[in-house]
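Comments concern the structure below.
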Ligand SMILES: Nc1nc2c(c(=O)[nH]1)N=C([C@H](O)[C@@H](O)CO)CN2
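Numbering (UniProt numbering), first residue to last: 1 to 121.
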């Protein structure tokens with residue numbers, strides 16, 4: 001399986017378990033590794049035959065703007081479902097970091113893997 005990468009994508013959203021967090025927008029930092037087979041796109045030099053990382057970044061920004069949840073776990077799980085459904089991603093690893101949430105830490109967050117990681121030749 002080949003991998004398409006998106007690193008340190010910053011998106012703004014309403015997120016948090018505390019009342020004061022319900023009234024502000026916070027920035028999340030996302031790392032995504034998306035499983036695919038890049039060979040058809042490479043053979044045809046055709047963006048339509050691969051995962052368009054620019055389109056995926058736009059979709060993630062829109063998703064963040066539309067959603068309002070308490071936990072980074074919920075954000076990660078729902079985003080993974082959305083990407084799986086809309087971009088036919090067979091496997092992904094998604095890290096969601098919330099910088100500044102804990103003063104003594106550079107960031108806190110979660111990392112999930114979803115889907116089937118198939119072998120390649
Ligand atoms: N496992 C989690 N722990 C905590 C979360 C979270 O989303 N997942 N969130 C908070 C607060 O919203 C915190 O980020 C505010 O600083 C606390 N723990």
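Backbone N, C-alpha and C define an ideal beta-carbon position, used for all residues, glycine too.
- Our two residues, residue 34 and residue 19, have alpha carbons roughly 34 Å apart in a direct line.
- The three-state secondary structure of residue 51, taken from DSSP, is coil.
- Each residue's CA atom was taken as its position, placing residue 76 and residue 28 some 11 Å apart.
- Proximity of the beta carbon of residue 17 to ligand 1 is indicated: a heavy atom of the ligand is located closer than 7 Å.
- Residue 16 sits in coil when the DSSP states are folded into three classes, being neither helix nor strand.
- Rounded to the nearest whole angstrom, the CA to CA distance from residue 46 to residue 10 is 27 Å.
- Contiguous beta strand (DSSP E) elements confined to the UniProt domain "Dihydroneopterin aldolase/epimerase" (4-114) occur at 26-36, 91-99, taking only those with 3 or more residues.
- In chain order, 14 place their CB closer than 6 Å to the CB of residue 68, counting only its own chain and leaving out the 5 sequence neighbours on each side.
- Burial check for residue 16: the Cβ neighbour count within 10 Å reaches 16 or more, so the residue is buried.
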